[in-house]
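Q: Below is the structure I would like to discuss, written out as structure tokens.
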Amino acid sequence: MKKSIEFKNLLFSKKEIKDLVYLAFSNYGITKTTHLVDDLKDLGFSYATKAGISISIEDLKVPPTKQDFLRSAFKEIDYSNSQYERGEINSIERLQKVIETWNNSGETLKESLIDYFRESDPLNSIFLMAFSGARGNVSQVRQLVGMRGLMSDSKGQIIDIPIINNFREGLTITDYIMSSYGARKGVVDTALRTADSGYLTRRLIDVAQDVIVREEECFSKSFVTISLKDFSYSSYEEKLLGRTIAQDVYYEDKLLIKQNQELTTPLLTKLFAAQAFNFKIRSPLTCMSIHSICRKCYGWNLAYCKLVDLGEAIGITAAQSIGEPGTQLTMRTFHTGGIFTSDSSRQVRARCPGVISLSREVTLKPTRTSYGKNLLLTGQSTTLFITDYHNKLDKIDISANTLIFFENGGFVKKNQLLAELPILNQQLVNSEKNIVSKFSGEIFRKYSSNILWILFCNVYDIPDKSLNHISNLTKTSSDSQALLNFKIIADESGLVKFQNSVSSGCVQSYSIFQYLYLFSLFLYQHPETGNYLLLDSKKRLFYQVNKKLTNFATKSVVFATSIEEVFIPPIDGLVYYPEKKVFTENSESLCIKHNSKILFIPQHITIVNRDASLIIVSNCNFFPQKRVEIATDIYSRISGFVEIEESDDILRNIIIKPGKFFEYTKLTKADQNHLFSLNNKIFFPGEVVFDDVKVDFPSFVQISHSGIRYGLLLRPIYQFNLPVSHFSNKISISSSNLGVRQKLNISFGAKFLCKNNLPLFQSSLFLESKKFLKNSRLSSEFRVVPSYGKTPFYQLVLIYFDNIELCQLLPNNLVTQGYQFSFFMKNLQYVEVGTILAKISLTIDKQHEILKFKYTKDRKRLSLVTTSHCKTYYSDFKDFKKVISTSIKNGDNLGSRLKVTHSGQILAINPFVSKIHKAMPLYLTDKTRSFIESGTLILKGQVLGVISFNQVVTGDIIQGLPKIEEILEARKAKLPIVLSPTSGIILEMKSNYRLTILGTPTKIPDSKLDVWDVDFELSNAIDFKVGEYVYFGQQLSSGKVDFHGLLEFWFTYHKRKNRNYVAACLSFRKIQTLLVTKVQEVYSSQGVSIADKHIEVIIRQVTSKVQVDNPGDTFLLPEESLDLKQINYINEVLSLHKIEIVTYTPIILGITKASLLTESFISAASFQQTIRVLTKAAIEGKIDWLRGLKENVIIGQLIPAGTGFRKD
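The sequence shown begins at 1 in the UniProt record's numbering and counts up one residue at a time.
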């Protein structure tokens, strides 16, 4: 047969050139195709040079139809707003409708762009680049000359204000700020995408590197069924080209294709013309070869358009085919925040005009869509029938939970929207949004009505102890009148001071100052330091008044501390307490209860932290003189016993302990024991230690030991007597206390360091008052003032005052209203408790006539209805009809020729005049909870209730590379969907989130009822009524597809009728098909085309293992993972010998885990967890048969692929 390519007289884009090269390759081979491609390259460069294509601002042409689309969109938005104002939809439904409108407008404008350029300027540079496939895409062109559309904010929520401008027209400041978040996210995603794509490719290579074509034929009887009814020819050819048919294909009793025949382009053209859409094909998923895939199941090598060769490393090819387009996939996470967006792929439209009808068996349930439309929902899968003019029947299959947009038995036009399929794999949670009032007014709601009215009026919060003049308000005066009055009364006695506002000059706040002399004793000023000193009542301690006197931030404040230097030792040492009971412990220090003393044992500590090689003297030596060099450039300041502390060859500290030292060399065992019994004991003058050592001063005994040398050191003890201060002074502040706090700064056994300059003992004066804690606004201040009459002396004064802002006395909503102050006191005038300082009068502007007022005692609120809150309509035709309802909505007809412009309650109506009280209606759905009762007065911004709605979990709608990882790693879903395990009737829905289903009755007499309990999450459950029928596999709850749960579900189902191996194969087949579809969905949505066989090779690797449940009479362990074919072989051998077989459950492994569980431990160890893999292999005594590529490369052998493949 002579091969030829027909003449093509058409516009060649990237796709057409690709098809041309493919035809040349498949018809004429690689040599002639190389010449053709080379000529095409020369032709392209030649004309690209002559054309000189570039981009200028004149090429960016905005289509004139854009304004029409925008007008149409704004009209829909206005209609949605009017629906909201009329109380037909709530705020959530309005928001979702707005977003749907702008999404549809953006898509429509994008489609019109293509037609505009094609008709008006087909040689436009941007049009040529984008639509030839050279650079750019339609989405980028839409942003250049169309509109940018909707953007996400920083929280991931969609902003309902679109960017209607494009880059040619220029963005406003608002547009730029709105789009900045998405732009920055895109830059970050681009930087991260390369690394993620590379890591995905590495994992895919590791999991499939040992998949090599090793057999000609596996003689598998299994197959994969695919249906391509609604596919175009190009998609049809893409799916089938190079595959092997598993069974004979007939058309009108004629044999079209024989079994095991390869599908070529001529055969596919013939099949497509014969409308053959259902095929049973061989697949890597059904191949029975062990450790490989056979030639027939794999099919063509698509690079050469012929059957794959033996030794071909198809696993590497598959991994590269899936990993390489990773950089093209967007990593962007589409956050919708629960907003419904229309998806054209879910819309079912009429293919022809005609009469439409539904199957009679289908049950329809009324529902309300997320954008506020009341429609019907199908209870189960059904078929739509459209009968056209020629009496031909068109059938359209729809799934359960599909929205119906037509009337049953009605007429539909071509392309009319008939139904909307449900969103699958969407994880929903119940969310809530507060209903916040935009107006102040009175709530009105009829019993069990779904409309809540806010009647407009001015609402005021009334302060306590106020006198209202509501009954004295006249309706005719145009002057401002006092609405209510209330007094400002002094809570304390003292001097009143008013503070004026800097901006207005009016009184802004006031304070009442009180003065208190703390002491009857006088203060002295030190002539040199200038500090103020105070002597206690018994002349024992001097106290120095703190320079920085703070106010009452806590319960008590210290204002003076003792300055006795006797409690500051001149040397370092250790502190001990003879009587611990005299001290009270608290979180800060030890407080003294009565007179006592502390013991101080001196020693000198030198902190060195230098190399230990600098030490000159040995440890545990006694030096009777000072200024001895202990280490390089370090001299002792005192004489005594030397201890050297070192660690890690570093000299840390040098401690010198003064005292008397006695050394012993020849001691008996009894003497040694006696000597060590004296360690850390105290001896007083006159006592004898160790038979011959007389004690001359209070001493602390310390014993040292080095080799045969024993030392006894008498360390001197100094006593510090701690007096309890007898300072006392009465103060006149109620609930206040002036006291002395005496404390030790060093804990028992702690080291005292001179450099810290902290005394052992310290006494301080404090003032404690509950008054300041009770009143948070009360401020205080300490001051030292000269004593009148006695010049050299001073007195300590406490000033406290309460600063009160005038606006704090008013409710929040009255601050902005008109009010007047009348002051009865002068500035700095003394006032008593209960004195009236001022009067506040709240006034109301009487420009509008007061029609109605209402006062509620429970919330102390006042409402005034004026003429501005009402609207009066007049009719010259006397045609105002008598309205039965008391309410009317914006746009309703009041007469034959008049529509109202405000919603509200009808106050009065007659043929001539109608008066309406303006109001705002709010729609309440069944899932809305209202907190406010009818008749309640509310303020602007007050929460009225909560709207409950289903929201998509933010961040879980993942597309692109993260979605591919999620599928191939087989990650478990957090909230998986629940499927019905049987067909039957719902018996009850229990409160513990359990659904009980009565299954279909069996034919076995006296058998037990088939009752099933299904657990689910209440938040994600679909509502079902008791007694409703559900079918097997029906989705009972919303959520996300969990592949692990689905595999278990199908395995349980098939195990009822089949043995373990068959059930595992059938359940694996279901999951494998689903996984392949899910991966293809992600790639196809990004415009990337990958042959199914590559994905099937990878999926085969992750869905081939089972987990042992019961090992039977084998050496296997429970929960051990094995290959399905391997464990089936073991069971067949066990069955022949009538031994208990192994039971198991199929499992899905992610690509990472599958790589680690591969047969080759060398390959697994080179991937991850090297130590664990090699240790386990050594313990188990594993053998690596070197079947894959990696293990052979690692040990330096020829790889068993290509020329290194051996058929034997």
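Where a beta carbon is used, it is the ideal one built from N, C-alpha and C, also for glycine. As the structure is a computational prediction, the values presented were derived from the model and not from experiment.
(1) Is it the case that the Cβ atoms of L1156 and Q1169 are separated by a distance below 8 Å?
(2) Rank I1141, D1184 and G323 by C-alpha distance to the C-alpha of I1162 and give the top, closest one.
(3) Exposed or buried, which one is A560 when buried takes at least 16 other CB atoms within 10 Å?
(4) Count the other C-beta atoms from every protein chain shown that fall within 10 angstroms of the C-beta of G955, then say buried if there are 16 or more, exposed otherwise.
(5) At which residue ranges does the stretch 633-705 contain complete alpha helix (DSSP H) runs of 4 or more residues, listed in the order of the chain?
(6) Compare the beta carbon distance of D397 and T387 with 8 Å and say whether it is the shorter of the two.
(7) Tell me the residue span of the beta strand (DSSP E) that contains T402.
(8) Please classify T954: does DSSP put it in a helix, a strand, or coil?
(9) Is it buried or exposed, C506, if we count other Cβ atoms within 10 angstroms and call 16 or more buried?
(10) Which stretch, first to last residue, makes up the beta strand (DSSP E) that contains P716?
(11) CA-CA distance, K75 and Q83?
(12) To the nearest angstrom, report how far apart N124 and D59 are at their CA atoms.
(13) Indicate, with yes or no, if the ligand ATP has a heavy atom lying under 7 Å from the CB of N653.
(14) Assess, as a yes-or-no matter, whether the stretch 1057-1066 is touched by the stretch 1124-1132 under the definition of 3 or more beta carbon pairs within less than 8 Å.
(15) Cα separation between L614 and S706?
(16) What three-state label does DSSP hand S289 in the structure shown?
(17) My parser needs the alpha helix (DSSP H) runs of 4 or more residues fully inside the stretch 205-256; what are they?
(18) Go ahead and label L10 buried or exposed: buried means 16 or more other beta carbons lie within 10 angstroms of its beta carbon, across all protein chains shown.
(19) Please name the residue, chosen from K229, L523 and Q157, that lies closest to Q795 on a Cα-to-Cα basis.
(20) Using the beta-carbon count (16 or more within 10 Å), is L393 buried or exposed?
(21) So, helix, strand or coil for D175, using DSSP?
(22) What are the complete alpha helix (DSSP H) segments, minimum 4 residues, inside the stretch 1048-1134?
(23) With S283 and C305 assumed to form a contact (beta carbons below 8 Å), what rounded beta-carbon distance in angstroms separates them?
(24) Measure the C-alpha to C-alpha separation of S1007 and L285 and round it to an integer number of angstroms.
(25) Looking only at DSSP bridge pairs, what is C294 linked to?
(26) Would you identify the three-state DSSP class for S1206, choosing helix, strand or coil?
(27) Can you tell me which residues form a DSSP beta bridge with F801?
(28) On the premise that S699 lies in contact with P716, defined as a C-beta separation below 8 Å, what is that separation, rounded to the nearest angstrom?
(29) Which residues in the same chain have their Cβ closer than 7 Å to the Cβ of L1047, if we skip the five residues on either side of it in sequence?
(30) Count the C-beta pairs between the stretch 238-246 and the stretch 258-272 that are closer than 8 Å, then say yes if the count reaches three, no if not.
(31) Please list the segments of the beta strand (DSSP E) lying wholly inside the stretch 904-932, counting only runs of 3 or more residues, in order along the chain.
(32) Quick check: S914 and F880, are their CB atoms within less than 8 Å of each other?
(33) When we look at the beta-carbon of S1084 and count the other beta-carbons within 10 Å, is it buried (16 or more) or exposed?
(34) Among the residues of its own chain, which have a CB less than 8 Å from the CB of residue 1210, if the five just before and after it don't count?
(35) Can you tell me the Cβ-Cβ gap for S556 and F766, rounded? I've got them flagged as a contact below 8 Å.
(36) CB-CB under 6 Å to G441, same chain, minus the five flanking residues each way: which ones, in chain order?
A: Well, looking at it:
(1) yes
(2) D1184
(3) buried
(4) Note that G955 has pLDDT 40, beneath the 50 cutoff, so the model's placement of it is unreliable and no number is given.
(5) 669-677
(6) no
(7) Here T402 belongs to no beta strand (DSSP E), and DSSP marks it neither H nor E.
(8) Because the pLDDT at T954 is just 39, under 50, the model does not fix this residue reliably, and the value given afterwards should be weighed accordingly. Note: T954 maps to coil in three-state DSSP.
(9) exposed
(10) Its beta strand (DSSP E) spans residues R709 to P716.
(11) 12 Å
(12) 6 Å
(13) Among the ligands in the structure shown, none appear at all, so the ligand ATP cannot be discussed.
(14) Short answer: they touch.
(15) Approximately 21 Å between the Cα atoms of the pair.
(16) coil
(17) 233-240
(18) exposed
(19) L523
(20) exposed
(21) helix
(22) 1060-1085 and 1092-1102
(23) Contact doesn't hold; Cβ gap of about 19 Å is too wide.
(24) With a pLDDT of only 41 at S1007, under 50, the local geometry of the prediction cannot be trusted, and the value read off the model is given with reservation. Spanning the two alpha carbons is a distance of roughly 40 Å.
(25) E215
(26) It is worth fixing the name first, because residue 1206 is Arg in this sequence and not Ser. Residue state, collapsed to three classes: coil.
(27) F513 and S779
(28) 6 Å
(29) S1067, I1071, P1146 and I1148
(30) yes
(31) 904-909, 913-923 and 928-930
(32) For S914 and F880, yes; Cβs fall inside 8 Å.
(33) exposed
(34) The first residue shown for the chain is 1 and the last is 1208, placing residue 1210 beyond what the model contains.
(35) 5 Å
(36) I454, L455, F456 and C457
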